[in-house]
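Novice: Just so we're aligned: 97 in UniProt numbering is position 97 of the sequence shown, and the numbers increase by one with no gaps anywhere.
Glycine included, C-beta positions come from ideal geometry on N, C-alpha and C.
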Amino acid sequence: MADAQKNDVDQQQQQQQQQQKAEKEKKEKEKKEKEKKEKEKKQEQQQQQQQQVQQPQQHQMQQQQQQQQQANRIYFPNGTHWVPESNRRLAMFLRHALRGDVSGAPSPPASSKRKLADENDDDAAEEKRKKKALKNKKQRERKRAKKNNQPPPPPPGAGGSDATTTTTTTTTTTTTTTTTTTDTAPMWV
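#1: Which word fits ALA91, buried or exposed, when buried means at least 16 other C-beta atoms lie within 10 angstroms of its C-beta?
#2: Could you give the distance in angstroms between the alpha-carbon of LYS132 and the alpha-carbon of LYS138?
#3: Under three-state DSSP, which class holds ASN7?
#4: Quick check: what's the CA-CA separation for LYS29 versus GLU35?
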(Lines of atoms letter the chains of each structure in order from A and count residues from 1; the text may use other names and numbers.)
(Lines give C-alpha, C1' and ligand atoms only; values in the text may rest on other atoms or scores of the structure.)
Protein backbone atom coordinates (compact mmCIF):
# COMPACT_ATOMS: atom_id res chain seq x y z
CA MET A 1 0.00 0.00 0.00
CA ALA A 2 2.76 2.40 0.89
CA ASP A 3 4.51 1.50 -2.39
CA ALA A 4 1.38 2.30 -4.39
CA GLN A 5 1.03 5.70 -2.72
CA LYS A 6 4.71 6.40 -3.33
CA ASN A 7 4.28 5.54 -7.02
CA ASP A 8 1.23 7.82 -7.28
CA VAL A 9 3.16 10.71 -5.69
CA ASP A 10 6.08 10.12 -8.08
CA GLN A 11 3.77 10.10 -11.10
CA GLN A 12 2.05 13.29 -9.95
CA GLN A 13 5.40 14.99 -9.46
CA GLN A 14 6.54 13.88 -12.94
CA GLN A 15 3.31 15.13 -14.49
CA GLN A 16 3.65 18.47 -12.70
CA GLN A 17 7.27 18.79 -13.85
CA GLN A 18 6.27 18.00 -17.44
CA GLN A 19 3.41 20.53 -17.29
CA GLN A 20 5.71 23.17 -15.86
CA LYS A 21 8.31 22.42 -18.53
CA ALA A 22 5.69 22.60 -21.30
CA GLU A 23 4.31 25.89 -19.93
CA LYS A 24 7.83 27.32 -19.67
CA GLU A 25 8.61 26.33 -23.29
CA LYS A 26 5.30 27.78 -24.44
CA LYS A 27 6.01 31.09 -22.69
CA GLU A 28 9.52 31.27 -24.18
CA LYS A 29 8.15 30.54 -27.64
CA GLU A 30 5.49 33.24 -27.27
CA LYS A 31 8.12 35.69 -26.03
CA LYS A 32 10.36 34.98 -29.05
CA GLU A 33 7.48 35.38 -31.48
CA LYS A 34 6.49 38.65 -29.83
CA GLU A 35 10.06 39.98 -30.11
CA LYS A 36 10.23 38.89 -33.75
CA LYS A 37 6.96 40.69 -34.57
CA GLU A 38 8.15 43.85 -32.83
CA LYS A 39 11.42 43.75 -34.75
CA GLU A 40 9.62 43.35 -38.08
CA LYS A 41 7.27 46.19 -37.19
CA LYS A 42 10.23 48.48 -36.43
CA GLN A 43 11.89 47.59 -39.74
CA GLU A 44 8.69 48.34 -41.65
CA GLN A 45 8.38 51.71 -39.92
CA GLN A 46 12.00 52.57 -40.81
CA GLN A 47 11.46 51.60 -44.45
CA GLN A 48 8.32 53.70 -44.64
CA GLN A 49 10.16 56.69 -43.19
CA GLN A 50 12.99 56.28 -45.70
CA GLN A 51 10.55 56.01 -48.59
CA GLN A 52 8.74 59.12 -47.42
CA VAL A 53 12.05 60.99 -47.40
CA GLN A 54 13.26 59.56 -50.75
CA GLN A 55 10.03 59.93 -52.72
CA PRO A 56 9.96 63.74 -52.68
CA GLN A 57 13.63 63.82 -53.70
CA GLN A 58 13.06 61.41 -56.60
CA HIS A 59 9.97 63.31 -57.67
CA GLN A 60 11.88 66.57 -57.59
CA MET A 61 14.73 65.09 -59.66
CA GLN A 62 12.28 63.74 -62.24
CA GLN A 63 10.63 67.15 -62.51
CA GLN A 64 14.02 68.82 -63.05
CA GLN A 65 14.95 66.32 -65.77
CA GLN A 66 11.64 66.85 -67.55
CA GLN A 67 12.03 70.62 -67.39
CA GLN A 68 15.56 70.39 -68.76
CA GLN A 69 14.46 68.11 -71.60
CA GLN A 70 11.65 70.49 -72.49
CA ALA A 71 14.07 73.41 -72.49
CA ASN A 72 16.43 71.50 -74.81
CA ARG A 73 13.77 70.60 -77.34
CA ILE A 74 14.07 72.06 -80.81
CA TYR A 75 10.87 72.13 -82.79
CA PHE A 76 10.75 71.74 -86.55
CA PRO A 77 8.69 74.09 -88.71
CA ASN A 78 5.62 71.88 -88.40
CA GLY A 79 5.99 72.15 -84.61
CA THR A 80 5.52 68.47 -83.83
CA HIS A 81 8.91 66.76 -83.91
CA TRP A 82 11.70 67.53 -81.49
CA VAL A 83 15.23 66.37 -80.84
CA PRO A 84 17.29 66.45 -77.62
CA GLU A 85 20.28 68.69 -76.96
CA SER A 86 22.76 66.05 -78.14
CA ASN A 87 21.41 66.41 -81.69
CA ARG A 88 21.10 70.18 -81.62
CA ARG A 89 23.43 70.83 -84.57
CA LEU A 90 21.71 68.22 -86.69
CA ALA A 91 18.35 69.71 -85.82
CA MET A 92 19.49 73.22 -86.75
CA PHE A 93 20.86 71.93 -90.05
CA LEU A 94 17.64 70.07 -90.83
CA ARG A 95 15.53 73.08 -89.91
CA HIS A 96 17.51 75.27 -92.31
CA ALA A 97 17.46 72.54 -94.95
CA LEU A 98 13.67 72.39 -94.74
CA ARG A 99 13.57 76.14 -95.28
CA GLY A 100 16.12 75.91 -98.10
CA ASP A 101 18.91 78.01 -96.57
CA VAL A 102 21.55 75.66 -95.22
CA SER A 103 24.44 78.10 -95.64
CA GLY A 104 22.30 81.17 -95.00
CA ALA A 105 21.78 81.79 -98.71
CA PRO A 106 19.02 80.31 -100.85
CA SER A 107 19.96 76.87 -102.11
CA PRO A 108 21.01 76.62 -105.77
CA PRO A 109 18.92 74.51 -108.14
CA ALA A 110 19.62 70.79 -108.32
CA SER A 111 21.24 70.93 -111.79
CA SER A 112 23.94 73.41 -110.67
CA LYS A 113 24.54 71.30 -107.56
CA ARG A 114 25.22 68.29 -109.80
CA LYS A 115 27.58 70.30 -111.99
CA LEU A 116 29.50 71.52 -108.96
CA ALA A 117 29.82 67.98 -107.60
CA ASP A 118 31.10 66.70 -110.96
CA GLU A 119 33.72 69.46 -111.12
CA ASN A 120 34.88 68.66 -107.59
CA ASP A 121 35.15 64.97 -108.48
CA ASP A 122 37.21 65.80 -111.61
CA ASP A 123 39.59 68.02 -109.62
CA ALA A 124 40.04 65.37 -106.95
CA ALA A 125 40.68 62.64 -109.53
CA GLU A 126 43.25 64.81 -111.33
CA GLU A 127 45.09 65.51 -108.11
CA LYS A 128 45.07 61.82 -107.27
CA ARG A 129 46.56 60.97 -110.67
CA LYS A 130 49.34 63.54 -110.22
CA LYS A 131 50.25 62.18 -106.78
CA LYS A 132 50.35 58.61 -108.09
CA ALA A 133 52.55 59.60 -111.06
CA LEU A 134 55.00 61.39 -108.77
CA LYS A 135 55.13 58.40 -106.44
CA ASN A 136 55.77 55.99 -109.34
CA LYS A 137 58.50 58.27 -110.71
CA LYS A 138 60.30 58.30 -107.34
CA GLN A 139 60.06 54.52 -107.09
CA ARG A 140 61.55 54.10 -110.60
CA GLU A 141 64.43 56.42 -109.70
CA ARG A 142 65.14 54.44 -106.53
CA LYS A 143 65.14 51.16 -108.45
CA ARG A 144 67.42 52.58 -111.15
CA ALA A 145 69.84 53.95 -108.55
CA LYS A 146 69.88 50.61 -106.75
CA LYS A 147 70.49 48.78 -110.01
CA ASN A 148 73.39 51.05 -110.95
CA ASN A 149 74.71 50.85 -107.37
CA GLN A 150 74.34 54.62 -106.95
CA PRO A 151 73.06 56.56 -103.95
CA PRO A 152 69.48 57.77 -104.43
CA PRO A 153 69.19 61.21 -106.03
CA PRO A 154 68.88 64.22 -103.75
CA PRO A 155 65.39 65.61 -103.23
CA PRO A 156 64.21 68.32 -105.62
CA GLY A 157 65.67 71.75 -104.94
CA ALA A 158 68.84 70.39 -103.29
CA GLY A 159 71.08 71.28 -106.26
CA GLY A 160 72.35 68.98 -108.97
CA SER A 161 72.83 71.02 -112.15
CA ASP A 162 76.05 69.21 -113.20
CA ALA A 163 75.69 66.89 -116.17
CA THR A 164 78.45 64.34 -115.33
CA THR A 165 78.36 61.96 -112.35
CA THR A 166 81.39 59.90 -111.26
CA THR A 167 81.04 56.98 -108.84
CA THR A 168 83.91 54.98 -107.28
CA THR A 169 83.24 51.63 -105.62
CA THR A 170 85.86 49.71 -103.60
CA THR A 171 85.38 46.00 -102.88
CA THR A 172 87.20 43.70 -100.43
CA THR A 173 89.41 42.29 -103.22
CA THR A 174 90.98 45.78 -103.50
CA THR A 175 89.72 46.18 -107.06
CA THR A 176 88.76 49.74 -107.96
CA THR A 177 86.03 50.24 -110.53
CA THR A 178 85.32 53.65 -111.98
CA THR A 179 82.00 54.22 -113.71
CA THR A 180 81.29 57.42 -115.60
CA THR A 181 77.71 58.22 -116.53
CA THR A 182 76.84 61.20 -118.65
CA ASP A 183 73.28 62.54 -118.64
CA THR A 184 71.95 65.61 -120.35
CA ALA A 185 69.82 66.48 -117.31
CA PRO A 186 69.52 65.23 -113.71
CA MET A 187 67.00 62.38 -113.29
CA TRP A 188 64.90 64.09 -110.62
CA VAL A 189 63.99 67.07 -112.77
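Specialist: Taking the definition as stated:
#1: buried
#2: 10 Å
#3: helix
#4: 10 Å
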